[in-house]
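Read through the structure below, which is laid out as structure tokens, and then see the notes.
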Amino acid sequence: MSRPNTPYKRNLSSTSSTSSSPKAGEKKSKIFVSTNKYAALADDFDSSTEVFSPPPVPTSPSIQDAVTADSKSPGIQPLDNEHLKSPPIFVKNIAKLNVLKNDLIRITGPDGFTLSAFNDVLKIKTPNCKSHLLIMEYLMDENKDYTFHTFRPRHLRPIKAVIRNIHHSTAPEEIETALS
111 MSRPNTPYKR NLSSTSSTSS SPKAGEKKSK IFVSTNKYAA LADDFDSSTE VFSPPPVPTS
171 PSIQDAVTAD SKSPGIQPLD NEHLKSPPIF VKNIAKLNVL KNDLIRITGP DGFTLSAFND
231 VLKIKTPNCK SHLLIMEYLM DENKDYTFHT FRPRHLRPIK AVIRNIHHST APEEIETALS
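What follows is the structure in structure tokens.
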């Protein structure tokens, strides 16, 4: 079924008015005026400086201490902060689960960890970094035959930055001086 090549016009409803459509002689104003519907919520003082000035970003001294502190092993940093999340620890080659569980309770306390068993892997989750570091030190002891894996805590990971639209021949020293 073919349609004739005639332009189709839209049928207007009987309730629509033709006065709303712009006429050839009328020009629309480029100025848009609107009343402030939030004026009733405004205070008497001018708070525009509070809106446009961002608050200062504090750096946590415990994170700085964790990065700069000395430690026994290169991958573990001592940390006393209780509110930072820690990654899970996956342990294999567990001969006696009760011995491991009792040792972990002795080290961290009864609320210092949770255990989840999956096939031949035991997942240890800790509520804070302090318990995580204590368990890691226990598992890395030379007398233990545990095979385990964990990730570096998020606050100890290096920062990766990408600078776009910079020429490849720019010396790294120039970039460092410009950033500092």
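The sequence shown stops at residue 290 when you use the working numbering, and every number in between is there.
Even glycine gets a Cβ: it sits at the ideal position worked out from N, Cα and C.
_Residue interval of the alpha helix (DSSP H) (run including Ile215)_ = Boundaries of the alpha helix (DSSP H) harbouring Ile215: 207 to 218, taken from the DSSP string.
*Can you pull the DSSP bridge partners for Leu232?*
Val201, Ala227
_Please classify Gly222 as buried or exposed, where buried requires at least 16 neighbouring CB atoms within 10 angstroms._
buried
_Report the CB separation of Pro263 from Ser196 in whole angstroms; it is logged as a contact under 8 Å._
6 Å
_Determine whether the beta carbon atoms of Ile199 and Thr218 lie at a separation below 9 Å._
no
*Going by beta carbon distance, what residues of the same chain come within less than 7 Å of Arg267, once the five residues before and after it are set aside?*
Excluding residues within five positions, none has a Cβ falling inside 7 Å.
*Over what stretch of residues does the alpha helix (DSSP H) that includes His278 continue unbroken?*
Neither: His278 is in no alpha helix (DSSP H) and is coded neither H nor E.
_Helix, strand or coil, according to DSSP, for Thr145 in the structure here?_
coil
*Could you spell out the range, first to last residue, of the beta strand (DSSP E) harbouring His259?*
257 to 260
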